[in-house]
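Visitor: Read top to bottom, the protein sequences are chains A and B. Going letter by letter, the first sequence gives residues 1 to 269 in our numbering. Going letter by letter, the second sequence gives residues 270 to 699 in our numbering. By construction, the Cβ of each residue, glycine as well, lies at the ideal position given by its N, Cα and C atoms. Below is a structure I'd like to ask you about.
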Amino acid sequence: MKQIWKIASIVCFSLPVFAADKPDAAPQIPDVQTIVSKANIVAYYQGDDGKAKVKMVITDKQGQKRERQFNILRKDVSDGGDQKYFVYFELPADVRKMAYMVHKYTDPQKDDDRWLYLPALSLVKRIAAGDKRTSFVGSDFLYEDVSGRSLEEDMHELIQTTDQFFVVKNVPKRPDTVEFSYFNVSIDRKTYVPMKMEFFDKENKLYRAIESTKVEKIQDFYTVVKSVVTNLKTGGKTEMEFSNVQYNMNLGDIFTERYLQRPPKEAMR
Amino acid sequence: MRRSLTIKICLVIWFTAGTVVSVAVGASDDKTDGSSVSKLPVETHGFYEIRGGYRLQNDKYEKDMSIMENRLQLDLASYLNWADLKFKGDFIGDLVEEQGDFDLREANIFTRPTDYMDVKVGRQILTWGTGDLVFINDLFPKDWESFFIGRDTEYLKAPSDAAKVSLFGDWANLDVAFTPQFDPDRFIDGQRISYWSSNLSRTAGQDAIVHTDKPNDWFGDSEIAVRLYRNISNYELALYGYRGYWKSPGGQNTAMNQAIFPDLNVYGASARGTIAKGIGNMEVGYYESADDQSGKDPLINNSEMRYLAGYTQEIARDFTMGVQYYIEYMLDYGPYKRNLPAGPARDRDRHLTTLRLTRLLMNQNLQCSLFTYYSPSDKDVYMRPNVNYKVSDNLAMEIGGNIFFGDYPNTFFGQFHDNTNVYLAMRYSF
């Protein structure tokens, strides 16, 4: 029970994980900053707010499976800027009703504020900021994969343009803070949905990949409803599936202790 | 006896509500999609657990077995348009006390009648304050026996039979928890944990069970606890008030054959927020021992100031450390000393430090933690090591201990030195 809270302190779930705006029909190739900014916006800031039910299946090297299921609520304070989240756990059974609240800040000087609600103790706990390259709820996804890695952290280079994708290479400005030497992102040219991310280790060997395996258009927003991360080093993989996705619900100022303890009904059902 | 009466009342409330609800749901059938609401939807969850532990040394006054029980917790919830119903109870087969038992943990109705109000009525777990296993303004009942014999930490919180009303405003929020009949701690009475008896001037246990004279009248012997709180830039500030009784015995009757729960009023404040890379918290409380305002009565607890400061930070990936410093300061020490009948006087203040270390390993399926209380003034220590491994999503194995030692036989933790124990547990959650 206690592990999940720590684990999940990682959360800063971006609701429309990889959602996209209107297809861009412009024939000429935009510069790399425009591409990554646009992909970031469509991936993590679609609509003003949103919700989804998320199911994760974590498979380890031995083939043992573990499941996570939770509902998330997201509201943007400003587009491309700060965000607020709830994560309400449903599975596994020992963390049911546990909930997370995150106030995420894009200012690199400011750590996110995080709270955890433990229902059995009726306790609202404040969680210390954690390493963003930590596993999210024990899965192969990292906190940063789901909350979005700040564009300021990397130098971006457009290394390939195919019929379908812009391929952007991202090299960390502070290599000592991460376990990879660089990662490549393949961004759909029409929808700006990041379809594949490949991480290379310090020996420049591919060791980790995230793929968007199913994209749907929901309320005009392209939304990744299925994705999978594979870790070639550990032999583990995690599949993530979104359902019950809804945008622009006009969520009020609900990201408080009150609704951490008990979700707003209209938002969750 | 009183417990079973309360349980009955709660059950009646719950089932009555259930019936009302079934009717209400039935009535609203055609407005919503008829198929799913025609029956009262009840979510059923819980766990089954086996837990066993032994003392590591002989205790003259207690059994070697510190805990040996199996437990089935049923957690039933029903969500309706106008309210949430909750029922959570534990069926326990206890080999130490050689009896079966039922512990009703929660039986309540929650409703959100307006945008600015929440109400929860019935048996419930109540918690507030900023301390980590140290409590100043949280005057809701604790179960110290469960804590010391190695039950899950959730059992440190004993349930309250209360009504809690929460009001939410632009400027601040207010919680009021009213308990019509005093809910004391499940305190150490010698039944399962040996303790220092000041009357006998020695360690005692089953040979000297603490008998109490408890304030017991419905509405006459009530408790009220309030919290006024707000956030300023995510710094959480709160003011607290409490009117009731010392939660564990805080004195004796004049015949000195019964422990009593004297009147207690508490006024306090707390703050919590980000400091550097971690979370800092501060809390303070004035304990006004209302039956002994002057501090002269040797049979009743003195008034106190209590202070707490804490800090938690992630010191490495999946590795968290928390430290706290806590002080209890007697306010009328002079009168206390002058009126002390015989025996050694206690120190004016008690200092306590805590250290929490929590490490997650193996894809966060293995949690190793150690929580340590150390009092430099009492010169005693209480350590709570625990290792919990999640074999699968449903099954968890646990091993842990409760380790007490100290220089003196009569200090807060030192008195429990013969209760040092280790335990093993297996829990299947559903």
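Output, in sequence order along the chain, the residues in the region 102-126 of chain A whose CB is closer than 7 Å to any CB in chain B.
Guide: Those would be His103, Asp111, Asp113, Ala120, Leu121, Ser122, Leu123, Arg126, in chain order.
Visitor: If I follow the unbroken alpha helix (DSSP H) through Thr299(A), where does it start and stop?
Guide: Since the displayed chain A opens at 1 and closes at 269, residue 299(A) lies outside it and no answer follows.
Visitor: So what's Ile394(B) in DSSP terms, helix, strand or just coil?
Guide: As a position in the second sequence, residue 394(B) is number 125, starting the count at 1. It is coil, neither helix nor strand.
Visitor: Between which two residues does the beta strand (DSSP E) containing Glu144(A) stretch?
Guide: Looking up residue 144(A) in the first sequence gives position 144. Here Glu144(A) belongs to no beta strand (DSSP E); instead the alpha helix (DSSP H) covers 143-147.
Visitor: Can you find a CB in chain B that lies within less than 8 Å of the CB of Asp94(A)?
Guide: Translated into positions along the first sequence, residue 94(A) becomes position 94. Asp94(A) counts as touching chain B.
Visitor: In this structure, does DSSP put Asn377(B) in helix, strand or coil?
Guide: Locating residue 377(B) in the second sequence gives position 108, counting from the first residue. Strand, per DSSP.
Visitor: Can you list, in chain order, the residues of the region 51-71 of chain A whose Cβ is nearer than 8 Å to any Cβ on chain B?
Guide: For the region 51-71 of chain A, which is checked against every Cβ of chain B, the residues closer than 8 Å are Ile58, Asp60, Gln64, Arg66, Glu67.
Visitor: Here's the rule: buried if 16 or more other CB atoms are within 10 angstroms of the residue's CB, otherwise exposed. What is Asn248(A)?
Guide: Mapped onto the first sequence, residue 248(A) falls at position 248. Classification for Asn248(A): exposed.
Visitor: Asp370(B): which of Ile361(B), Arg607(B), Ile394(B) sits nearest, CA to CA?
Guide: Counting from one through the second sequence, the residue named residue 370(B) turns up at place 101. Residue Ile361(B) is the option with its Cα nearest to Asp370(B).
Visitor: At a cut of 8 Å, does the region 254-265 of chain A reach the region 107-123 of chain A through at least three beta carbon pairs?
Guide: Short answer: they touch.
Visitor: Classify Tyr462(B) as helix, strand or coil using the three-state DSSP reduction.
Guide: Residue numbering aside, residue 462(B) sits at position 193 when the second sequence is read from its first letter. First, the residue type needs correcting, since residue 462(B) is Ile and not Tyr in the sequence shown. Residue state, collapsed to three classes: coil.
Visitor: Any residues in the region 318-334 of chain B with a beta carbon nearer than 7 Å to a beta carbon of chain E? Which ones, in chain order?
Guide: Note that chain E does not occur in the displayed structure, where the protein chains are A and B.
Visitor: Hey, Met386(B) and Leu425(B): beta-carbon distance below 8 Å or not?
Guide: The sequence position of residue 386(B) within the second sequence is 117, counting from 1. The sequence position of residue 425(B) within the second sequence is 156, counting from 1. No. Outside cutoff.
Visitor: Hey, would you say Glu312(B) sits closer than 8 Å to Leu341(B), going by beta carbons?
Guide: Locating residue 312(B) in the second sequence gives position 43, where the first residue counts as 1. Locating residue 341(B) in the second sequence gives position 72, where the first residue counts as 1. Contact: no.
Visitor: Excluding five sequence neighbours on each side, which residues of the same chain lie with their C-beta closer than 6 Å to the C-beta of Glu331(B)?
Guide: Position 62 of the second sequence, counted from the first residue, corresponds to residue 331(B). Answer for Glu331(B): Ser463, Gly474, listed in chain order.
Visitor: Can you pull the chain B residues whose beta carbon is under 7 Å from the beta carbon of Ser135(A), in chain order?
Guide: Stepping through the first sequence from its first residue, residue 135(A) is reached at position 135. Near Ser135(A) (Cβ distances below 7 Å), the residues of chain B are Asn632, Gln633.
Visitor: Please list, in chain order, the residues of the region 523-542 of chain B that have any C-beta partner in chain A closer than 7 Å.
Guide: Correct list: Arg541.
Visitor: Can you list the residues of chain B that Arg258(A) reaches, using a CB-CB cut of under 8 Å?
Guide: Your numbering for residue 258(A) matches position 258 in the first sequence. What Arg258(A) touches in chain B: Asp387, Ser435, Phe437, Asn442.
Visitor: Against Lys546(B), what residues of chain A qualify as contacts under a CB-to-CB distance less than 8 Å, listed in chain order?
Guide: Reading the second sequence from its first residue, position 277 is the one you call residue 546(B). Those are Asp111, Ala128, Ala129, listed as they occur along chain A.
Visitor: Quick one: Cα of Met599(B) to Cα of Met574(B), how far?
Guide: For this step, residue 599(B) is matched to residue 330 along the second sequence. For this step, residue 574(B) is matched to residue 305 along the second sequence. Distance between the alpha carbons of Met599(B) and Met574(B): 7 Å.
Visitor: How about Arg496(B) and Arg420(B): are their beta carbons less than 8 Å apart?
Guide: Taking the second sequence and counting its residues from 1, the one referred to as residue 496(B) is at position 227. Taking the second sequence and counting its residues from 1, the one referred to as residue 420(B) is at position 151. In this structure, Arg420(B) does not lie closer than 8 Å to Arg496(B) by Cβ.
Visitor: Between Leu287(A) and Glu423(B), is the Cβ-Cβ spacing less than 8 Å?
Guide: Here chain A covers residues 1 to 269 and nothing more, so residue 287(A) does not appear.
Visitor: Given that a residue counts as buried once 16 or more other Cβ atoms are within 10 Å of its Cβ, and exposed if not, what is Ile457(B)?
Guide: For the purposes of this step, residue 457(B) is identified with residue 188 of the second sequence, where counting begins at 1. The residue in question, Ile457(B), is buried, as its Cβ has 16 or more Cβ neighbours within 10 Å.
Visitor: Sort Phe165(A), Glu157(A), Lys196(A), Ser150(A) by Cα distance to Tyr44(A) and report the nearest one.
Guide: For the purposes of this step, residue 44(A) is identified with residue 44 of the first sequence, where counting begins at 1. Taking only the C-alpha atoms, the option nearest Tyr44(A) is Ser150(A).
Visitor: Can you give the Cα-Cα distance for Phe379(B) and Gly391(B), rounded to whole angstroms?
Guide: Locating residue 379(B) in the second sequence gives position 110, counting from the first residue. Locating residue 391(B) in the second sequence gives position 122, counting from the first residue. Phe379(B) and Gly391(B): Cα-Cα distance of roughly 9 Å.
Visitor: Among all the DSSP beta bridges, which residues are the ones paired with Ala129(A)?
Guide: The residue given as residue 129(A) occupies position 129 in the first sequence. DSSP lists no partner for Ala129(A).
Visitor: How should Gly63(A) be labelled, buried or exposed, when 16 other C-beta atoms within 10 angstroms of its C-beta is the threshold for buried?
Guide: Within the first sequence, residue 63(A) is the residue found at index 63, counting from 1. Result: exposed.
Visitor: Which residues in the same chain have their Cβ closer than 7 Å to the Cβ of Pro518(B), if we skip the five residues on either side of it in sequence?
Guide: Within the second sequence, residue 518(B) is the residue found at index 249, counting from 1. Contacts found: Phe456, Val479, Thr481, Ala528, Ile529, Phe530.
Visitor: Measuring only between beta-carbons, confirm whether Asp21(A) sits less than 8 Å from chain B.
Guide: For the purposes of this step, residue 21(A) is taken as residue 21 along the first sequence, with counting starting at 1. At Asp21(A), the pLDDT of 46 sits below 50, so the modelled position is not reliable; the number obtained from the coordinates is stated separately. For Asp21(A), the answer is no, since every Cβ of chain B falls outside 8 Å of its Cβ.
Visitor: Name the chain A residues that come within less than 8 Å of Glu366(B), Cβ to Cβ?
Guide: One-based indexing of the second sequence puts residue 366(B) at position 97. Residues of chain A passing the Cβ test: none, with the nearest at roughly 23 Å.
Visitor: Can a CB atom of chain B be found closer than 8 Å to the CB of Gly81(A)?
Guide: In the first sequence, the residue the question calls residue 81(A) occupies position 81. No, Gly81(A) does not count as interfacial toward chain B.
Visitor: Compile a chain-ordered list of the residues in the region 135-163 of chain A whose CB is closer than 7 Å to at least one CB of chain B.
Guide: Answer in chain order: Ser135, Gly138.
Visitor: Using the beta-carbon count (16 or more within 10 Å), is Ser470(B) buried or exposed?
Guide: For the purposes of this step, residue 470(B) is taken as the residue at position 201 of the second sequence. Flag for Ser470(B) reads exposed.
Visitor: Along the chain, which unbroken stretches of the beta strand (DSSP E) at least 3 residues long are found entirely within the region 492-518 of chain B?
Guide: Here the runs fully enclosed are 492-501, 504-514.
Visitor: Using three-state DSSP, classify Val229(A) as helix, strand or coil.
Guide: Taking the first residue of the first sequence as 1, we reach residue 229(A) at position 229. Here Val229(A) sits in strand by DSSP.
Visitor: Against chain A, which members of the region 661-681 of chain B pass a CB distance test of less than 8 Å?
Guide: Flagged, chain order: Ser661, Asp662, Asn663, Ala665.
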